[in-house]
Amino acid sequence: MKPAAFEYHAPRSIEEAVSLLADLEDGRVLAGGQSLVPAMALRLATPAHLIDINEIAELQKISIKDNFLAIGACVRHSAFEAPAAPGSLGGLLSTVVRHIAHHPIRTRGTFCGSLAHADPASEWCLVAATLDASLIARSARGTRTIAVADFFSGVMTTTLAPDELLVEARLPLLSEGTRFGFSEFSRRSGDFAIAMALVVLGDERRVGVGGVESRPRRIREAEIAIANIEEAAARAVNPMTDPQYSADYRRDLVRAVVRRALEQASS
Numbered sequence: 057m058k059p060a061a062f063e064y065h066a067p068r069s070i071e072e073a074v075s076l077l078a079d080l081e082d083g084r085v086l087a088g089g090q091s092l093v094p095a096m097a098l099r100l101a102t103p104a105h106l107i108d109i110n111e112i113a114e115l116q117k118i119s120i121k122d123n124f125l126a127i128g129a130c131v132r133h134s135a136f137e138a139p140a141a142p143g144s145l146g147g148l149l150s151t152v153v154r155h156i157a158h159h160p161i162r163t164r165g166t167f168c169g170s171l172a173h174a175d176p177a178s179e180w181c182l183v184a185a186t187l188d189a190s191l192i193a194r195s196a197r198g199t200r201t202i203a204v205a206d207f208f209s210g211v212m213t214t215t216l217a218p219d220e221l222l223v224e225a226r227l228p229l230l231s232e233g234t235r236f237g238f239s240e241f242s243r244r245s246g247d248f249a250i251a252m253a254l255v256v257l258g259d260e261r262r263v264g265v266g267g268v269e270s271r272p273r274r275i276r277e278a279e280i281a282i283a284n285i286e287e288a289a290a291r292a293v294n295p296m297t298d299p300q301y302s303a304d305y306r307r308d309l310v311r312a313v314v315r316r317a318l319e320q321a322s323s
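For what it's worth, our numbering labels the leading residue of the sequence shown as 57, then goes sequentially.
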């Protein structure tokens, strides 16, 4: 199939982009396009206007501000294959990025695009949820900061307003000596994750699980457990079900991926 007819816009500034979002009905933002374009080709998405933000230089930057890593909306997955931040955070991102699809997709897809798409199986969504990221949204009405716990609202659904552009994601830098482990289960390399876990051991224990529920999240019950952390995580989740994977199957996967991530972080 081919996409339905649409009008193409290529703003050169954030101000121009958010003005278009405010003025146009049924506009969608194009960054990497690795999720939106296939959906348009299948006519699962039929926006009347496509707003391509790839010419906005300000959105292509990674920088360290205060005590966090700021990731612009057009920063590609592949930017994290080499450490993009000092210390453990750079290593964590370089570890996780290898699990995202395949190399051609990593050279086009974007970190913030993954967050805005809000697929429960997105590795970056799990990273953001586990690390308590802050997300910066811009519109013609102004700028607001959204805590990641308030950003994901369901499967492929966020609290971004239709006229808002996610311009930046901010990940806190990790303290010296922080260790981490990441484990993902999928049927084949590069497939969508059926379950994944991120464990971070630093100033506090963080345990995040993705791919299992309608959105990724920190599992507080596992973070405070004295023992049997993977069992605490498995009991805490409310797994999705579909014709292929039952809730019990996904719960068993949570036990496995949390245990493996914890073993990596503890080694």
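Glycine included, C-beta positions come from ideal geometry on N, C-alpha and C.
Asked                                                                                   : Found
Rounded straight-line distance, which links the Cα of I107 to that of S91               : 15 Å
Cβ distance (whole Å) where A60 is taken to contact R99 below 8 Å                       : 6 Å
Through-space distance from N284 to P103, alpha-carbon basis                            : 48 Å
Three CB pairs or more closer than 8 Å across the region 119-132 and the region 226-241 : yes
Same chain only: Cβ atoms within 7 Å of R261, ignoring 5 sequence neighbours per side   : E279
Span separating the alpha-carbon of G266 from that of A138                              : 24 Å
Nearest-angstrom Cα separation, counted from T201 out to R306                           : 33 Å
C-beta contact flag for R327 and G210 at 8 Å                                            : With the chain covering 57 to 323 only, the question about residue 327 has no answer from this structure.
Proximity winner among D188, R68 and S323, relative to E114 (alpha-carbon distances)    : R68
C-alpha gap between T213 and P299, whole angstroms                                      : 22 Å
DSSP-derived helix/strand/coil call for H65                                             : strand
Enclosing beta strand (DSSP E) for T199 [first to last residue]                         : G198 to A203
Residue range of the beta strand (DSSP E) that includes I109                            : Segment: none, I109 is in no beta strand (DSSP E) and carries neither H nor E.
Contact belief for A87 with C168 at Cβ below 8 Å, rounded distance in angstroms         : 7 Å
Cα-Cα separation, Y301 to V313                                                          : 16 Å
Extent of the continuous beta strand (DSSP E) run through A193                          : S190 to S195
First through last residue of the alpha helix (DSSP H) which encompasses M358           : In the structure as shown, the chain begins at 57 and stops at 323. Residue 358 is therefore absent and cannot be evaluated.
Beta-carbon separation (whole angstroms), A217 vs V204, contact threshold 8 Å           : At roughly 17 Å, the Cβ-Cβ gap does not stay under 8 Å, so A217 and V204 are not in contact.
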